[in-house]
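Keeping their order, the protein sequence lines are chains A and B. Quick note: the first sequence uses my numbering, first residue 28, plus one each step. Quick note: the second sequence uses my numbering, first residue 4, plus one each step. In this text, a Cβ means the ideal position worked out from N, Cα and C, and glycines have one as well. Just so we're clear, the structure is a prediction, and the values are computed from it rather than from any experiment.
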Amino acid sequence: MTTFHVKGATLPDGTRRDFFVENGVFVDSASNATVLDADGLQALPGLVDLHTHLREPGFEQSETVLTGSRAAASGGFTAVFAMANTSPVSDTAGVVEQVKALGDAHGYVTVRPIGAVTVGLEGQRLSEIGAMAQSRAQVRVFSDDGKCVSDALLMRRALEYVKTFGGVIAQHSQEPRLTEGAQMNEGALSGELGLAGWPAVAEEAIIARDVLLAQHVGARLHVCHVSTAGSVDVIRWAKARGIDVTAEVTPHHLLLTEQLASGYDSRFKVNPPLRRDDDVQALREALADGTIDIVATDHAPHPLEAKECAWDEAAFGMVGLESALSVVQAAVVDTGLLSFADVARVLSGAPARIGLLDGYGAPFTVGAPANFTLYDPAARSVFGVEHLHGKSVNSPYLGRELPGRVVATVHGGVATVLEGLLVEELARG
Amino acid sequence: MKHLLSTKDLSRDEAVQILDLAEDMAQAGTREVKKLPALRGRTVVNLFFEDSTRTKISFEAAAKRLSADVINFTAKGSSVSKGESLKDTAQTLAAIGADGVVIRHHSSGAPRVLAQSGWIDAGVVNAGDGTHEHPTQGLLDAFTMRKRLHGDASRGRALDGVTVTIVGDILHSRVARSNVWLLETLGAEVTLVAPATLLPVGVDTWPVAVGYDLDAAVAAKPDVLMMLRIQSERMNAAFFPTAREYSRQWGFDDERLARLPAASLVMHPGPMNRGLEISSGAADSARSTIIEQVANGVSIRMAVLYLLLAGGAA
Ligand SMILES: [Zn+2]
Numbered sequence: 028m029t030t031f032h033v034k035g036a037t038l039p040d041g042t043r044r045d046f047f048v049e050n051g052v053f054v055d056s057a058s059n060a061t062v063l064d065a066d067g068l069q070a071l072p073g074l075v076d077l078h079t080h081l082r083e084p085g086f087e088q089s090e091t092v093l094t095g096s097r098a099a100a101s102g103g104f105t106a107v108f109a110m111a112n113t114s115p116v117s118d119t120a121g122v123v124e125q126v127k128a129l130g131d132a133h134g135y136v137t138v139r140p141i142g143a144v145t146v147g148l149e150g151q152r153l154s155e156i157g158a159m160a161q162s163r164a165q166v167r168v169f170s171d172d173g174k175c176v177s178d179a180l181l182m183r184r185a186l187e188y189v190k191t192f193g194g195v196i197a198q199h200s201q202e203p204r205l206t207e208g209a210q211m212n213e214g215a216l217s218g219e220l221g222l223a224g225w226p227a228v229a230e231e232a233i234i235a236r237d238v239l240l241a242q243h244v245g246a247r248l249h250v251c252h253v254s255t256a257g258s259v260d261v262i263r264w265a266k267a268r269g270i271d272v273t274a275e276v277t278p279h280h281l282l283l284t285e286q287l288a289s290g291y292d293s294r295f296k297v298n299p300p301l302r303r304d305d306d307v308q309a310l311r312e313a314l315a316d317g318t319i320d321i322v323a324t325d326h327a328p329h330p331l332e333a334k335e336c337a338w339d340e341a342a343f344g345m346v347g348l349e350s351a352l353s354v355v356q357a358a359v360v361d362t363g364l365l366s367f368a369d370v371a372r373v374l375s376g377a378p379a380r381i382g383l384l385d386g387y388g389a390p391f392t393v394g395a396p397a398n399f400t401l402y403d404p405a406a407r408s409v410f411g412v413e414h415l416h417g418k419s420v421n422s423p424y425l426g427r428e429l430p431g432r433v434v435a436t437v438h439g440g441v442a443t444v445l446e447g448l449l450v451e452e453l454a455r456g
Numbered sequence: 004m005k006h007l008l009s010t011k012d013l014s015r016d017e018a019v020q021i022l023d024l025a026e027d028m029a030q031a032g033t034r035e036v037k038k039l040p041a042l043r044g045r046t047v048v049n050l051f052f053e054d055s056t057r058t059k060i061s062f063e064a065a066a067k068r069l070s071a072d073v074i075n076f077t078a079k080g081s082s083v084s085k086g087e088s089l090k091d092t093a094q095t096l097a098a099i100g101a102d103g104v105v106i107r108h109h110s111s112g113a114p115r116v117l118a119q120s121g122w123i124d125a126g127v128v129n130a131g132d133g134t135h136e137h138p139t140q141g142l143l144d145a146f147t148m149r150k151r152l153h154g155d156a157s158r159g160r161a162l163d164g165v166t167v168t169i170v171g172d173i174l175h176s177r178v179a180r181s182n183v184w185l186l187e188t189l190g191a192e193v194t195l196v197a198p199a200t201l202l203p204v205g206v207d208t209w210p211v212a213v214g215y216d217l218d219a220a221v222a223a224k225p226d227v228l229m230m231l232r233i234q235s236e237r238m239n240a241a242f243f244p245t246a247r248e249y250s251r252q253w254g255f256d257d258e259r260l261a262r263l264p265a266a267s268l269v270m271h272p273g274p275m276n277r278g279l280e281i282s283s284g285a286a287d288s289a290r291s292t293i294i295e296q297v298a299n300g301v302s303i304r305m306a307v308l309y310l311l312l313a314g315g316a317a
């Protein structure tokens with residue numbers, strides 16, 4: 028394990044100072060340290076993604092725990108929560124332990140599996156939530172993401188049941204009947220393009236129901252990928268009433284709008300869909316005022332053939348780990364809405380707290396685990412496939428100029444990215 | 004013009020040019036030798052991922068009258084129906100040396116994906132894509148209106164001030180979309196009439212008037228009344244309670260025909276559900292243009308293929 032002396036970094040609170048890492052934790056000082064020149068660089072706590080699709084087991088043609096971990100590290104992440112829609116579904120202790128073990132073995136990031144709420148994501152019966160919680164994977168976040176737990180009684184029971192061990196249900200809010208065959212945001216543009224609409228109300232109605240259920244049973248609810256201005260209103264109302272709800276927004280919903288669908292380029296097909304400009308503005312403001320707690324990527328890799336086709340035949344989803352920090356900078360930092368202290372909160376501290384992930388409560392303080400990233404906000408480049416380090420290239424940003432560059436990532440005292448390049452496993456020793 | 008993907012892309016001059024060129028093609032069709040040599044040596048592929056005998060025959064006749072070689076590539080029973088991708092098919096067609104591809108696809112936007120893909124360099128004609136557009140249908144409808152309203156004095160004219168009421172399943176109709184954009188470009192005044200369930204969200208942003216009442220629409224004495232087909236799969240999806248109720252409220256029956264001015268045209272893109280959205284009396288009346296629409300379709304498609312593949316102005 029390397030000893031680091033990071034020189035001249037700007038910390039999230041704006042102070043500029045050196046800091047040291049030894050034996051995997053921040054220390055006061057260290058001798059014979061490897062010097063990282065961080066002059067002009069922004070130091071951020073290791074980023075935590077509460078919403079990643081690693082695809083393994085079952086969909087290794089799209090991503091594996093290894094390739095997804097590398098994509099995460101290159102984006103400045105040191106921990107990811109892996110969604111349960113694998114094959115077999117992550118609905119048993121055996122699968123979640125396997126996913127965690129793969130993450131540990133590769134070591135690029137901490138991989139925390141998310142358990143399925145229902146068996147096979149089928150929305151019929153609760154999965155073995157307790158067994159997953161008590162397993163070596165210590166699952167605390169449960170989600171049927173990709174599908175909505177639409178049955179109100181099942182959702183109520185799930186919310187109640189996870190209270191037993193302080194867990195949380197992360198809901199993919201999508202009323203299924205209102206979105207049968209849905210392809211893009213429902214509005215004037217979907218009507219013109221002849222693509223079946225995904226109405227905002229299909230998200231908002233589920234969120235409204237779920238916050239009321241959470242209030243009724245006194246449970247904790249997390250709302251995945253909030254995408255509409257109306258959802259923001261509902262969550263703001265729920266928080267004002269003291270309901271224990273947290274919410275996330277994806278980088279792409281902070282930057283991109285439905286207009287990108289007009290050329291039928293399926294790189295812009297995602298679920299929930301890209302929305303109107305007014306929604307983007309509302310989401311940015313909600314992130315700034317704390318109504319939305321975190322940014323999570325919903326990194327959703329797909330092989331080329333799943334996107335090289337007509338829009339309604341293409342898969343939903345876009346990769347996002349490698350571009351997340353740059354997109355957040357473009358959408359909410361460069362526009363003056365968030366400081367880097369806020370970025371540290373929404374991309375590290377708050378997601379770790381929601382997911383009950385230890386070690387992210389007091390970054391850069393002596394004794395805390397050394398998870399951090401060094402980021403150059405002054406860099407600018409045209410985003411290209413060379414910026415992608417997972418298995419898939421379905422990024423909506425290819426060809427778009429984005430700010431920022433991850434220069435280094437350190438996970439538990441071990442460098443996973445140095446000088447902007449991934450550190451190979453062997454080299455890390 | 005490299006492709007014809009949407010009537011929204013057409014300027015007024017381009018649209019009138021196509022209609023005028025179709026007049027030339029129609030005239031040539033009255034000669035003893037119907038064939039023109041314009042596309043000799045060019046290859047046109049009819050790429051149909053969805054059944055449509057009528058449209059395919061129309062394009063095939065159009066291409067052959069221009070002396071093009073025609074290859075029919077139909078989904079039913081071939082590799083395209085077994086999941087071969089649009090990409091593979093396009094690359095095959097490129098290897099064959101297709102100069103023009105006439106594509107009918109069940110997915111909205113598939114023709115644009117093909118045209119922009121770089122998989123093939125051919126001119127692409129949208130022959131109907133999902134619930135998006137059917138631009139040659141829009142053009143042939145405009146041609147038919149112009150011919151009936153202006154007769155031999157049609158050339159060079161648009162449809163300024165012509166009132167057109169389109170009735171039926173606007174939500175799922177590619178014909179309606181192509182007509183709305185083209186008629187707007189040509190100066191016509193369009194009214195859409197349907198139950199609210201069959202109007203797209205956001206229709207208030209379209210350049211049209213919207214109503215729910217067919218009787219009121221007939222009483223307004225439109226120059227053209229266009230009835231759209233109600234597809235059987237809509238029957239059980241809660242768009243309206245029963246076929247009978249739909250027919251009573253939005254079907255163009257003999258009684259409504261009697262209230263329509265004698266000079267008004269009755270149009271339908273076909274195929275018709277007689278007795279549902281249109282009665283036989285209405286479909287077969289002197290005011291009906293339904294047979295002419297079929298004939299005019301060949302002229303319009305000749306004009307479009309000529310413009311795309313012979314590359315010239317008229
Ligand atoms: Zn989701």
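Annotated three-state conformation of Pro225 (chain B) is coil, per DSSP.
Three or more pairs of CB atoms, one per stretch, sit closer than 8 Å, so the region 243 to 253 of chain B contacts the region 182 to 201 of chain B.
Residues of chain A whose Cβ lies closer than 9 Å to the Cβ of Gly32 (chain B) do not exist, since the nearest Cβ in that chain is about 32 Å away.
Taking 8 Å as the cut-off, the C-beta of Gly44 (chain B) does not count as close to any heavy atom of ligand 1. In this structure, Asn299 (chain B) and Leu143 (chain B) form a Cβ contact; the two beta carbons are roughly 5 Å apart against a cut-off of 8 Å. The DSSP-derived three-state label of Ala65 (chain B) is helix.
Approximately 6 Å separates the beta-carbon atoms of Leu308 (chain B) and Ala66 (chain B); this is inside 8 Å, confirming the contact. Assignment of Phe367 (chain A) by DSSP, reduced to helix, strand and coil, places it in the helix class. The alpha-carbon of Pro39 (chain A) is positioned some 18 Å away from that of Thr362 (chain A). Within the region 212 to 231 of chain A, those residues whose Cβ lies closer than 9 Å to any Cβ of chain B are, in chain order, Glu213, Gly214, Ala215, Leu216, Ser217, Gly218, Glu219, Leu220, Gly221, Leu222, Ala223, Gly224, Pro226. Taking CB atoms only, Gly290 (chain A) has a neighbour in chain B less than 9 Å away.
Taking 9 Å as the Cβ-Cβ cut-off, the region 132 to 150 of chain B approaches chain A at Asp132, Gly133, Thr134, His135, Glu136, given in chain order.
Against chain B, the beta carbon of Cys175 (chain A) has no neighbour under 8 Å; the closest one sits roughly 21 Å away. In this chain, the alpha helix (DSSP H) harbouring His243 (chain A) covers 227 to 244. Ser217 (chain A): member of the alpha helix (DSSP H) spanning 215 to 220, first to last residue. With contact defined as three or more Cβ pairs closer than 8 Å, the region 206 to 220 of chain B and the region 265 to 280 of chain B are not in contact.
Excluding residues up to 5 positions away in sequence, His32, Val33, Lys34, Gly35 lie with their Cβ nearer than 7 Å to the Cβ of Asp45 (chain A) in the same chain. Close CB contacts of Val195 (chain A) within its chain, under the 6 Å cut and outside five residues either way in sequence, are with Val168, Arg247, His249 (chain order). Placement of the Cβ of Asp172 (chain A) at a distance of less than 8 Å from at least one heavy atom of ligand 1 is found. Under DSSP, the beta-bridge partners assigned to Gln198 (chain A) are A:Val250. Residues of the region 84 to 117 of chain B that bring their beta carbon within less than 7 Å of a beta carbon in chain A comprise Ser88, Leu89, Lys90, His108, Ser110, Ser111, Gly112, Ala113, Arg115, Val116, in sequence order. Taking C-beta separations shorter than 6 Å and ignoring five residues to either side along the sequence, the partners of Asp237 (chain A) in its chain run Gln198, Leu248, following chain order.
Of the candidates B:Gln119, B:Val204, B:Pro114, B:Arg262, the residue whose Cα lies closest to the Cα of Ser9 (chain B) is B:Pro114. Within chain A, no residue has its CB atom less than 7 Å from the CB of Gln296 (chain B), the nearest being about 22 Å off. Around the Cβ of Glu49 (chain A), a 10 Å sphere holds 16 or more other Cβ atoms; the residue is buried. For Lys190 (chain A), the secondary structure class from DSSP, reduced to helix, strand or coil, is helix. A heavy atom of ligand 1 is found nearer than 8 Å to the CB of Asp325 (chain A). Taking a Cβ-Cβ cut-off of 7 Å, Glu202 (chain A) has no neighbours in chain B, whose nearest Cβ is about 15 Å from it. Assignment of Gly394 (chain A) by DSSP, reduced to helix, strand and coil, places it in the coil class. Per DSSP, Gly439 (chain A) is not a residue of any beta strand (DSSP E), being assigned neither H nor E.
Cβ atoms of Thr277 (chain A) and Gly347 (chain A) come within 8 Å of each other, at about 7 Å.
The Cβ of Gln210 (chain A) sits closer than 9 Å to at least one Cβ of chain B. The Cβ neighbour count for Lys5 (chain B), taken over all protein chains shown within 10 Å, is under 16; the residue is labelled exposed. Cβ neighbours of Val444 (chain A) within its own chain (closer than 7 Å, five residues either side excluded): Ala100, Ser101, Val433, Ala435, Thr436, Val450. As summarised for the region 291 to 344 of chain A, the continuous alpha helix (DSSP H) elements at least 4 residues long and confined to that stretch are 304 to 316, given in chain order. Taking the CA atoms as reference points, Ser200 (chain A) sits about 37 Å from Ile106 (chain B).
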